[in-house]
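Asks: Protein sequence lines correspond, in order, to chains A and B. Counting from 1, position 173 in the first sequence corresponds to residue 175 in the numbering used here; the numbering is continuous, with no gaps. Counting from 1, position 50 in the second sequence corresponds to residue 69 in the numbering used here; the numbering is continuous, with no gaps. The beta-carbon is built from N, C-alpha and C at its ideal position, and this holds for glycine as well. Below: one structure in C-alpha cells.
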Amino acid sequence: MSRVTYYILIMIIILGLGANWVIEKANRSYDIPLLRPVPEFSFLNQRGESFSNENLQKKITILDFMFTSCTGPCPLMTLNMSSLYKDFDDVQEVQFVSITVDPSIDTKDKLREYAELIGVDDGRWQFLWSDMSAIKDLKKNGFMLYADDLPQGHAIKFVLIDHKGNIRKYFDGTDEASQKVLRKDISKLVRELRL
Amino acid sequence: MQLFRTFAILSTALTYLLIFIGGMVRVAGAGMGCPDWPKCFGRWIPPTSLDQLPEHIDPAKFNMVLAWIEYCNRLFGALVGLTIAITLYLGLKHYSHLPRIKWPLISAFSLTLFEGWLGSVLVDTVLNPLTITLHLFFALIIVMLLLYASQEVYYLENPDAEKNSDYPSNMQLLFGLMAVALLAEVVLGTEIRGGLEMIRKENPMVESQFLLDMLGPFKYAHSILGLLITILSIFIWHGSVKRSLNPSSLMVQTSTTIVLLILLQIVLGEILVFLKVIPLIQLFHLWIASWILGLVSIQYVAWQRSRVTYE
Numbered sequence: 003m004s005r006v007t008y009y010i011l012i013m014i015i016i017l018g019l020g021a022n023w024v025i026e027k028a029n030r031s032y033d034i035p036l037l038r039p040v041p042e043f044s045f046l047n048q049r050g051e052s053f054s055n056e057n058l059q060k061k062i063t064i065l066d067f068m069f070t071s072c073t074g075p076c077p078l079m080t081l082n083m084s085s086l087y088k089d090f091d092d093v094q095e096v097q098f099v100s101i102t103v104d105p106s107i108d109t110k111d112k113l114r115e116y117a118e119l120i121g122v123d124d125g126r127w128q129f130l131w132s133d134m135s136a137i138k139d140l141k142k143n144g145f146m147l148y149a150d151d152l153p154q155g156h157a158i159k160f161v162l163i164d165h166k167g168n169i170r171k172y173f174d175g176t177d178e179a180s181q182k183v184l185r186k187d188i189s190k191l192v193r194e195l196r197l
Numbered sequence: 020m021q022l023f024r025t026f027a028i029l030s031t032a033l034t035y036l037l038i039f040i041g042g043m044v045r046v047a048g049a050g051m052g053c054p055d056w057p058k059c060f061g062r063w064i065p066p067t068s069l070d071q072l073p074e075h076i077d078p079a080k081f082n083m084v085l086a087w088i089e090y091c092n093r094l095f096g097a098l099v100g101l102t103i104a105i106t107l108y109l110g111l112k113h114y115s116h117l118p119r120i121k122w123p124l125i126s127a128f129s130l131t132l133f134e135g136w137l138g139s140v141l142v143d144t145v146l147n148p149l150t151i152t153l154h155l156f157f158a159l160i161i162v163m164l165l166l167y168a169s170q171e172v173y174y175l176e177n178p179d180a181e182k183n184s185d186y187p188s189n190m191q192l193l194f195g196l197m198a199v200a201l202l203a204e205v206v207l208g209t210e211i212r213g214g215l216e217m218i219r220k221e222n223p224m225v226e227s228q229f230l231l232d233m234l235g236p237f238k239y240a241h242s243i244l245g246l247l248i249t250i251l252s253i254f255i256w257h258g259s260v261k262r263s264l265n266p267s268s269l270m271v272q273t274s275t276t277i278v279l280l281i282l283l284q285i286v287l288g289e290i291l292v293f294l295k296v297i298p299l300i301q302l303f304h305l306w307i308a309s310w311i312l313g314l315v316s317i318q319y320v321a322w323q324r325s326r327v328t329y330e
C-alpha cells in the first residue's frame, strides 16, 4: 500500500471514531429535568367523569390550558396536540389533557362537541373543566403558569408530565422546533416507563 | 502558483470534510441545535447554561451538546468559505486568462455563499426535507467544481500527463449514463432518508429495523440502481484500464478506486436496509457517495484531456 493510501485510511478511522463519539454524545444528551409534582386536583372531563392527579399515574401526559372559542394561538396549539394525538395513537402509555380556562362557556357538552369536532374518538385525550378559581389555582400555583387574565391571557405551553405525576418540562405549544423536541422527549419517557 | 495549488487542494479537502461534518450533524439529529441563524440562541458563542438564553426562544429547544455540534458545523463552514475565497483570489490573480480555472472557482465561491444562505433557510423551515437535499446537492456540486479546478491546475503543471494514454473514444455515452444514474441514486438515497424520518415521526415508538419494512419501493429502486451503477463502473474501468493504451496512473487508480468504493457502498447499503439503521454507517454511506461523484468527475476529465492531447 502506498504511503498516501495509508495516511488516508488512518485519517478515515480517526474521523469515524470521532463521529461515533459525537453521535453517542448527541444520543445521550436528551436529559429531561425533574421539576415538581403536579399537586392534587380533581376536575371533570367532557363525559362528566372525574379526572384527578391520580389519573396521571402510569401514563406519560401532555397537558395544556385552552378554551374552545379562542382564536389566537389556540388553533395552532390544538393542531399540534392533534398531530401528537394522531402519531402516538398506538402508544397506550401516552395521554393528552386539555384544561379549559373558560369554564363558563366551555361546559361539559361544549367540550365534548369540541373533542368530536377535532376527531378525538377515544379516552386518550381528556378535556377538563372545573370552577374558575380551582383552574386558576392549579395553573398558577401547580403549574407555575401565568393565570391573571383568563381566559385570554392563558399560557401557550405544553407541559410534559411523567408516569409518577411529576412535571418534567415545558414546551412552546405553537413552535414547530419545540414540537420536535417534545416528540423525542415523549418517546424517551415511554421507553423508560416500559423498562 | 505553488500557493494556489496548495489552496485548491486544501479547499477541496476541507469541503469534503465539511460534507462529512454536515452528514454527522444530520445523523446526530443536531440540525436544529441552534434555532436561529447565524447566531446560536442570540449569541455568537453558544450558551452553556439555560440562564443565558434570550427570552424569545423556548428553553425546551436548548440542548448544549446539539448546539455545539451545529455551531462547529457553522464555524467549519465559515472556514471552508474563507479558504475557497482565498483560492478564488489566488486563482484570479494567476489564471484569470484561463476560463477553465476561473469559472469553476467563481461558481464554487458563489455557491458557497448560497449554501450559507440555504443553511439559514434550513433553520427557518425547521429542516424542510427538500432544503436538506438541496443543501447536500450544492455541496456536491461545489466539491466537484473545486476538484475540476485542482485537476486543471495539475494539467497546467503536468501538460503531458495524458499525452501517451489512448482511451477508447466511444465512452461518452457510458459517462453520461453514469452521471444520470449517480444523480438519481443520490436523490433516491435522500428520499429513503427523508421517508424514514417521516415514518419515524408518525410511528415514534417503532424500532428502526421495522421502519424500513414500512418504507416501500424506494429502497428496492435504490438497490437496483446501485447494481446498474456497479455494472457501469466496471464497464468504464474496463474501457479506461483494460481496453486503453498506456492509461495514466491517475486514470488507473481512480477507475479502480471507484469500483472498490461502489462495492463497499453496496455492502454498507445492504447493512442499512437489511440489518439495522446504524447512524455511523449512514454517515459513511453518504460520504463515500460524495467521493465516488468526485472520482467519476476526475475520471471523465482525464478521459477528455487525453482526447484533447490526442487530437
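DSSP has A/Met-13 in a bridge; who is on the other side?
Replies: Its beta-bridge partners do not exist; DSSP assigns none.
Asks: How should A/Asp-92 be labelled, buried or exposed, when 16 other C-beta atoms within 10 angstroms of its C-beta is the threshold for buried?
Replies: Result: exposed.
Asks: Does the separation of the CB atoms of B/Ala-321 and B/Leu-269 fall below 8 Å?
Replies: Their beta carbons are under 8 Å apart, which means B/Ala-321 touches B/Leu-269 by this criterion.
Asks: Where does A/Ser-180 sit, in a helix, a strand or coil, going by DSSP?
Replies: Helix.
Asks: Compare the C-beta of A/Val-161 against all C-beta atoms of chain B and say whether one is closer than 8 Å.
Replies: No, no contact with chain B.
Asks: What does A/Glu-178 reach in chain B if we use C-beta pairs closer than 7 Å?
Replies: Correct list: Val-145.
Asks: So the alpha helix (DSSP H) B/Leu-165 belongs to, where does it begin and stop?
Replies: 148-176 is the span of the alpha helix (DSSP H), which, as asked, contains B/Leu-165.
Asks: Quick check: what's the CA-CA separation for A/Ile-188 versus B/Leu-36?
Replies: Taking the straight line joining both Cα atoms gives about 34 Å.
Asks: Since B/Asp-232 meets chain A, which of its residues come closer than 8 Å, beta carbon to beta carbon?
Replies: Per Cβ cutoff of 8 Å: no residues; B/Asp-232 is ~15 Å from chain A at best.
Asks: List, in chain order, every chain A residue whose beta-carbon is nearer than 9 Å to that of B/Lys-80.
Replies: Here the neighbours are Phe-173, Asp-174, Asp-177, Ala-179, Ser-180, Lys-182, Val-183.
Asks: Since A/Ile-163 is in the alpha helix (DSSP H), which residue starts that stretch and which ends it?
Replies: From DSSP, A/Ile-163 is part of no alpha helix (DSSP H) but of the beta strand (DSSP E) over 159-163.
Asks: Give a yes or no on whether 8 Å exceeds the smallest Cβ distance from A/Val-40 to chain B.
Replies: Not one chain B Cβ lies under 8 Å of A/Val-40.
Asks: Comparing C-alpha positions only, which one of B/Leu-166, B/Thr-152, B/Thr-102, B/Leu-192 sits nearest to B/Ile-317?
Replies: With distances taken between Cα atoms, B/Ile-317 lies closest to B/Leu-166.
Asks: Enumerate in chain order the residues of its own chain whose CB-to-CB distance from B/Ser-331 is below 7 Å, with the five nearest sequence positions on each side excluded.
Replies: Because chain B is modelled from 20 through 330, residue 331 of chain B falls outside the range shown and cannot be assessed.
Asks: How many whole angstroms separate the CB atoms of A/Leu-65 and A/Val-161, which I take to be in contact at a CB cut-off of 8 Å?
Replies: Yes, A/Leu-65 and A/Val-161 are in contact; Cβ-Cβ is about 5 Å, under 8 Å.
Asks: Is it true that the stretch 46-59 of chain B meets the stretch 298-313 of chain B, where meeting means three or more beta-carbon pairs spaced less than 8 Å apart?
Replies: They touch, by the three-pair rule.
Asks: Identify the continuous alpha helix (DSSP H) that holds B/Ile-218 and give its terminal residues.
Replies: Per DSSP, B/Ile-218 belongs to the alpha helix (DSSP H) from 191-221.
Asks: So, for A/Ile-62: in the same chain, excluding its five sequence neighbours on each side, which residues have a beta-carbon less than 8 Å away from its beta-carbon?
Replies: Result list for A/Ile-62: Glu-95, Val-96, Gln-97, Leu-162, Ile-163, Asp-164, His-165, Ile-188, Leu-191, Val-192, Leu-195, in chain order.
Asks: Between the stretch 12-23 of chain A and chain B, which residues of the former have a C-beta closer than 8 Å to a C-beta of the latter?
Replies: Listed in sequence order: Leu-17, Gly-18, Ala-21, Asn-22.
Asks: Please determine, among B/Val-292, B/Leu-305, B/Gly-313, the residue with the shortest C-alpha to C-alpha distance to B/Ser-274.
Replies: Nearest C-alpha to B/Ser-274: B/Gly-313.
Asks: Per DSSP, which residues does A/Phe-129 bridge with? Please list them.
Replies: Note: A/Phe-129 sits in a beta bridge opposite A/Ser-100.
Asks: Comparing the C-beta of A/Ile-10 with each C-beta of chain B, is any distance below 8 Å?
Replies: No - not a single Cβ of chain B is within 8 Å of the one on A/Ile-10.
Asks: Decide yes or no for the touch test of the stretch 151-159 of chain B against the stretch 280-294 of chain B: beta carbon pairs closer than 8 Å, at least 3 of them.
Replies: Touching, no, given that fewer than three Cβ pairs across the two stretches are closer than 8 Å.
Asks: Rounded to whole angstroms, what is the Cα-Cα separation between B/Ile-160 and B/Thr-209?
Replies: One C-alpha to the other measures close to 16 Å.
Asks: Within the 8 Å Cβ cut-off, does B/Met-51 reach chain A?
Replies: Answer yes: the Cβ-Cβ gap between B/Met-51 and chain A drops below 8 Å somewhere.
Asks: With a threshold of 16 other CB atoms inside 10 Å of the CB of A/Thr-102, please say whether the residue is buried or exposed.
Replies: A/Thr-102 comes out buried.
Asks: Under a CB-based cut-off of 8 Å, is A/Ile-201 close to chain B?
Replies: Given a span of 3 to 197 for chain A in the structure shown, any question on residue 201 of chain A remains unanswerable.
Asks: Check whether the Cβ of A/Phe-90 lies closer than 8 Å to any Cβ atom in chain B.
Replies: Closer than 8 Å to some Cβ of chain B, the Cβ of A/Phe-90 qualifies, so yes.
Asks: Could you tell me if B/Tyr-329 is buried or exposed, where buried requires 16 or more neighbouring beta carbons within 10 angstroms of its beta carbon?
Replies: Note that B/Tyr-329 scores 45 on pLDDT, short of 50, meaning its location in the model is unreliable; the coordinates nonetheless yield the value given after this. Burial call: exposed.
Asks: Within 10 angstroms of the Cβ of A/Leu-140, are there 16 or more other Cβ atoms? Answer buried if so, exposed if not.
Replies: Buried.
Asks: Taking Cβ-Cβ distances shorter than 7 Å, what residues in chain B pair up with A/Lys-27?
Replies: Here the neighbours are Val-84.
Asks: Taking 8 Å as the threshold (beta carbon to beta carbon), is A/Val-122 in contact with chain B?
Replies: Chain B contact via Cβ: absent.
Asks: For A/Arg-30, is the classification buried or exposed, using 16 other Cβ atoms within 10 angstroms of its Cβ as the cut-off for buried?
Replies: When all chains shown are included, A/Arg-30 counts as exposed.
Asks: Apply the 10 Å Cβ neighbour rule to A/Val-6 and answer buried if 16 or more other Cβ atoms are within range, or exposed otherwise.
Replies: Exposed.
Asks: With DSSP as the reference, label B/Ile-28 as helix, strand or coil.
Replies: Helix at B/Ile-28.
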